[in-house]
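Quick notes on the structure that follows.
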């Protein structure tokens, strides 16, 4: 996200500011807003125009309503990585982020099921990896 | 096919499954995959005491080398060779040495056309 300095009118990236841990804490981003939000908002910026503060604020409010801060941070990082490597036009909505949040919550559920002590043995609710291992055990026994 | 081979393949494939690699087979097809591994490895191994540790070592090596589900040949290529049998010391008698030397000289003359 590009900022304009009201004093010297220079343009600079907000990501450059929050690289510094102390600056991040000073501004108060770390505890209130997910760190990845700034990079995520940059996905909405067109190549020719800077993102307006009004639009950025609206988008940020929408994002913060989607999930809690830790979940959002991870999901936004994944979204940024995926979309930057893909390229393409600026985002228009949060649909991609919503899909990532859904898939990540699905993975957490799977991991929780896999960590249950009695999850092996083809019991309902086992992970796919666990089920595959059980099938392999049966195969080895003949 | 030998039971020990199936156990080694099971141990190896379980390790690969635990890595959650890309292109890993699904739970309902893993036994078909194991069948193919058994067919691929079977002709190359025969003695449990010699070959079971080699298969385990092959899998052990591949765990840190792959991001995608490997083919059997990748494990086969990483299997160490069988341990060499102890060889008897090869001692030539003086007569054998002289005979060999003479033959080499003859060959050398033949090549040079003398």
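Chains as they are written, first to last, in our numbering: chain A, 1 to 142; chain Z, 1001 to 1114. Just so it is clear, CB atoms sit at the ideal spot from N, CA and C, and this is done for glycine as well. For clarity, every value in this text was computed on a predicted model and none was experimentally measured.
For the beta strand (DSSP E) containing residue 1091(Z), list its first residue and its last residue.
Unbroken run through residue 1091(Z): none, as it is neither H nor E.
For the alpha helix (DSSP H) containing residue 1059(Z), name the first residue and the last one.
1048-1062
Just tell me which of 89(A), 67(A), 61(A), 74(A) has its CA closest to the CA of residue 49(A).
89(A)
When you check each C-beta in the region 128-142 of chain A against every C-beta of chain Z, which residues fall closer than 9 Å?
128, 129, 130, 131, 132, 133, 134, 135, 136, 137, 138, 139, 140, 141, 142
Please look up how many angstroms separate the CB atoms of residue 1004(Z) and residue 1038(Z), rounded, as I've assumed it's under 8 Å.
About 11 Å separates the two Cβ atoms, so there is no contact after all.
Nearest-angstrom Cα separation, counted from residue 46(A) out to residue 2(A):
11 Å
Roughly how many angstroms lie between the CA atoms of residue 129(A) and residue 1010(Z), to the nearest whole one?
13 Å
Using only the alpha-carbon positions, how far apart do residue 121(A) and residue 134(A) sit?
In this predicted model, residue 121(A) has a pLDDT of only 45, less than 50, meaning its place in the structure is not dependable enough to derive any value.
Whole-number beta carbon distance between residue 140(A) and residue 76(A), since they are thought to touch under 8 Å:
About 44 Å separates the two Cβ atoms, so there is no contact after all.
Hey, quick one: how far does the alpha helix (DSSP H) through residue 1041(Z) stretch, first residue to last?
1030-1041
Between residue 137(A) and residue 1034(Z), what straight-line distance do the alpha-carbon atoms span, to the nearest angstrom?
11 Å
Top-ranked residue by Cα proximity to residue 1006(Z), from 1031(Z), 1022(Z), 1026(Z), 1098(Z):
1031(Z)
Integer Cβ distance of residue 41(A) from residue 51(A), believed to fall under 8 Å:
6 Å
Would residue 1109(Z) pass as a contact of residue 1076(Z) if the rule is Cβ separation under 8 Å?
no
What residue from 1088(Z), 1042(Z), 1095(Z) has the CA that sits closest to residue 1072(Z)'s CA?
1042(Z)
Starting from the C-beta of residue 132(A), find all residues in its chain whose C-beta is less than 8 Å away, skip the five residues before and the five after it, and write them out in chain order.
none
Roughly how many whole angstroms lie between the Cα atoms of residue 74(A) and residue 1086(Z)?
58 Å
Three-state secondary structure assigned by DSSP to residue 1068(Z)
strand
Tell me which residue opens and which closes the alpha helix (DSSP H) that residue 42(A) is part of.
37-42
Can you grab the Cα-Cα spacing for the pair residue 8(A) / residue 39(A), in whole Å?
24 Å
Stretch-stretch touch, CB-based, cutoff 8 Å, three pairs: the region 1058-1072 of chain Z with the region 1012-1022 of chain Z
yes
So which residues on chain A does residue 1017(Z) lean against when the C-beta distance must stay under 7 Å?
129, 132, 133
Is DSSP giving residue 65(A) helix, strand or coil here?
coil
Between residue 1031(Z) and chain A, is the shortest Cβ-Cβ distance under 8 Å, so that the two count as touching?
yes
Can you tell which of 1105(Z), 1017(Z), 1025(Z) has the C-alpha that lies nearest to the C-alpha of residue 1062(Z)?
1017(Z)
I need the DSSP call for residue 1085(Z), collapsed to helix, strand or coil.
coil
Any beta carbon of chain A sitting closer than 8 Å to that of residue 1045(Z)?
no
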